[in-house]
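Asks: Numbering (the working numbering), first residue to last: 1 to 433.
Don't be surprised by glycine CBs; every beta carbon is placed ideally from N, CA and C.
Remember, predicted model here, so these are calculated numbers, not experimental data.
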């Protein structure tokens, strides 16, 4: 499902990038973005909830990257492309400030740092918060035996270091550091073949996808790996940044411990690590947490009372649950082999992390015809702000490939306010054909 999701994300990003140039021609110089903002030096975990769009937060607003760099002003939710050049049509990469092709946005205090997806070798670049003064900062080291740098997985920034993955090896390097100064944090002992680690897990190094995380003095990385029983499960590893020791911290619980759920016990639907606990959502089951030190599982809320399935995002304070349902493509009624999309939902249910239900936010004002808004993707939650995407594209069934033409409508960036319950479209990313 990870592969299918990333494939779909890449396809949608290309379509949006192309149509931005064709259909969303703004006049340059419309926005005055302060260049002296600052961002947190800690990993912004609440914004790291999706592969769809890369977000980061500053003291005055939010930035997101999807083909170009955009800015959301916190106070007004006004959203605009980060380009102040007069008469710019935002189509020329060499001219437009906003044309930043970033896999991941990173923040290092006084500037925005990003890892680009269109450069080889992979480099880290930076701009001021108004997207001026672009600089190439450093080149990332990759395993020399790598056949292709497409094996590069992801990167996060935390307390002065960039953490990234290449060919299943987890590296870290100081921001602005030399390429060869990157150090290996963890890798399979016998890269290229299955092997046992700690007598518990068999690894296929060619098939590991890591999700990176940081919380205080701890770095975490999640991988879906094969257990000794032959089942693939999400396994969380913990690296203590004080002594760089690595240990297994958590494994997806068996259904005997937590019951059935939509993902069949192999993967959690969404997870979040904070203060020594992993909080996780099991679609069709509920909100759970596990104390990492003891391994004790605790059910916090029976979310199926609000949504039978649903997708979710977390923050330090909330679980936000959208009552969408899975729809499959390739004509297969199960997720394999093609994976799945999430169909439209009409409400977001808000819980605190102790399991207390807060409120329901209706999304019905976004559309009259469900088919005109057939997919939704939750992005992140920051404070009282929830960001999500809506699109009218629906997948073809039985065609053997993902279709972007079955039905098209606008692709919109939307905002919901937890405190007021207000819902609005704040930017149109792609206009329907």
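Starting from the C-beta of residue 222, find all residues in its chain whose C-beta is less than 6 Å away, skip the five residues before and the five after it, and write them out in chain order.
Replies: Once the five neighbours on either side are set aside, the close Cβ partners of residue 222 are 211, 234, 236.
Asks: Tell me the DSSP bridge mates of residue 135?
Replies: Bridge partners of residue 135: 126.
Asks: Find the nearest neighbour of residue 362 within the set 356, 103, 322, 215, judged by alpha-carbon distance.
Replies: Looking at the Cα atoms, 322 is the closest of the given residues.
Asks: Is the region 133 to 140 touching the region 84 to 94 in the sense that three or more CB pairs, one from each, lie closer than 8 Å?
Replies: With the cut-off at 8 Å, the region 84 to 94 and the region 133 to 140 do not touch.
Asks: Are the CB atoms of residue 181 and residue 187 within a distance shorter than 9 Å?
Replies: The answer is no: Cβ separation not under 9 Å.
Asks: Is DSSP giving residue 385 helix, strand or coil here?
Replies: It is a strand residue.
Asks: Across which residues does DSSP place residue 424 in a beta bridge pair?
Replies: Its beta-bridge partners are 415.
Asks: Keeping to the same chain, check which residues put their C-beta closer than 7 Å to that of residue 417; ignore five residues upstream and five downstream.
Replies: Excluding sequence neighbours, residue 417 sits near 384, 385.
Asks: Could you say which of 290, 67, 366 lies nearest to residue 103 if we only look at CA atoms?
Replies: The shortest Cα separation from residue 103 among 290, 67, 366 belongs to 67.
Asks: Spatial neighbours of residue 43 within its chain, please: CB distance less than 6 Å, with the 5 preceding and 5 following residues excluded, ordered by chain position.
Replies: For residue 43, where only same-chain residues beyond five positions count, the Cβ hits under 6 Å are 156, 158, 214.
Asks: Considering only residues of the same chain and omitting the five flanking positions on each side of residue 34, which have a CB-CB separation below 8 Å?
Replies: Excluding residues within five positions, the ones whose Cβ falls inside 8 Å are 60, 129, 130.
Asks: Can you tell me whether residue 98 is helix, strand or coil according to DSSP?
Replies: In the structure shown, residue 98 sits in coil (DSSP, three-state: anything other than H, G, I, E or B).
Asks: Tell me the rounded alpha-carbon separation between residue 285 and residue 277.
Replies: Rounded to whole angstroms, residue 285 to residue 277 spans 19 Å at the Cα level.
Asks: What's the call for residue 45, buried or exposed, on a 16-neighbour Cβ count within 10 Å?
Replies: Residue 45 is buried by the Cβ-count criterion.
Asks: Let me check understanding here. Comparing Cα to Cα, which of 422, 388, 421 lies closest to residue 429?
Replies: For residue 429, the nearest C-alpha among the options comes from 388.
Asks: Suppose contacts are defined by Cβ-Cβ distances below 9 Å. Is residue 290 in contact with residue 351 by that definition?
Replies: No.
Asks: Report the CB separation of residue 219 from residue 163 in whole angstroms; it is logged as a contact under 8 Å.
Replies: The pair is a contact, with the Cβ atoms about 6 Å apart (cut-off 8 Å).
Asks: Judging by CA-CA distance, which residue of 318, 325, 311 is the nearest neighbour of residue 382?
Replies: Measuring from the Cα of residue 382, the nearest candidate turns out to be 318.
Asks: The alpha helix (DSSP H) spanning residue 255 covers which residue range?
Replies: 255 to 258 is the extent of the alpha helix (DSSP H) around residue 255.
Asks: For residue 74, which of helix, strand or coil comes out of DSSP?
Replies: Note: residue 74 maps to coil in three-state DSSP.
Asks: For residue 283, does the count of other Cβ atoms within 10 angstroms reach 16, so buried, or fall short, so exposed?
Replies: Buried.
Asks: Go to residue 214, then tell me how far its beta strand (DSSP E) extends in each direction, as first and last residue.
Replies: It spans 210 to 215 - the beta strand (DSSP E) in which residue 214 sits, taken as one unbroken run.
Asks: Does DSSP put residue 287 in a helix, in a strand, or in coil?
Replies: In the structure shown, residue 287 sits in a strand (DSSP, three-state: E or B).
Asks: Measure the CB-CB distance between residue 124 and residue 106 and report whether it falls below 9 Å.
Replies: Taking 9 Å as the Cβ cut-off, residue 124 and residue 106 qualify as a contacting pair.
Asks: At what residues does the beta strand (DSSP E) containing residue 227 begin and finish?
Replies: 218 to 227 is the extent of the beta strand (DSSP E) around residue 227.
Asks: For my contact list, residue 169 and residue 246 are in at a C-beta cut-off of 8 Å; report their separation, rounded to the angstrom.
Replies: Their Cβ separation, rounded to whole angstroms, is 13 Å, which puts residue 169 and residue 246 out of contact at 8 Å.
Asks: Counting C-beta neighbours from all protein chains within 10 Å, is the total for residue 97 16 or more, i.e. buried, or is it exposed?
Replies: Buried.
Asks: For the beta strand (DSSP E) containing residue 439, name the first residue and the last one.
Replies: Here the chain has residues from 1 to 433 only, and residue 439 is not among them.
Asks: Where do the ends of the beta strand (DSSP E) carrying residue 435 lie?
Replies: Lying before the first or after the last residue shown, residue 435 is absent from the chain, which here runs from 1 to 433.
Asks: Since residue 274 and residue 316 are thought to touch, with beta carbons under 8 Å apart, how far apart are those beta carbons, to the nearest angstrom?
Replies: So it is a contact: roughly 6 Å between Cβ atoms.
Asks: Indicate the three-state DSSP secondary structure (helix, strand or coil) for residue 364 in the structure shown.
Replies: Three-state DSSP puts residue 364 in a helix.
Asks: Evaluate residue 248 with the Cβ neighbour count: other Cβ atoms within 10 Å of its Cβ, from every protein chain shown; 16 or more gives buried, anything less gives exposed.
Replies: Exposed, by the Cβ-count rule.
Asks: Please report the straight-line C-alpha distance between residue 55 and residue 226, rounded to a whole angstrom.
Replies: One C-alpha to the other measures close to 31 Å.
Asks: If you measure between the beta carbons of residue 415 and residue 77, is that distance less than 9 Å?
Replies: Result yes, Cβ atoms of residue 415 and residue 77 sit closer than 9 Å.
Asks: Is residue 71 near the ligand SAH - that is, is its Cβ less than 8 Å away from at least one heavy atom of it?
Replies: Ligands in the displayed structure: none, and consequently the ligand SAH is not present.
Asks: Cutting at 6 Å between CB atoms, please list the residues of its own chain near residue 49, excluding the five before and the five after it.
Replies: Closer than 6 Å at Cβ, skipping near neighbours: 313, 380.
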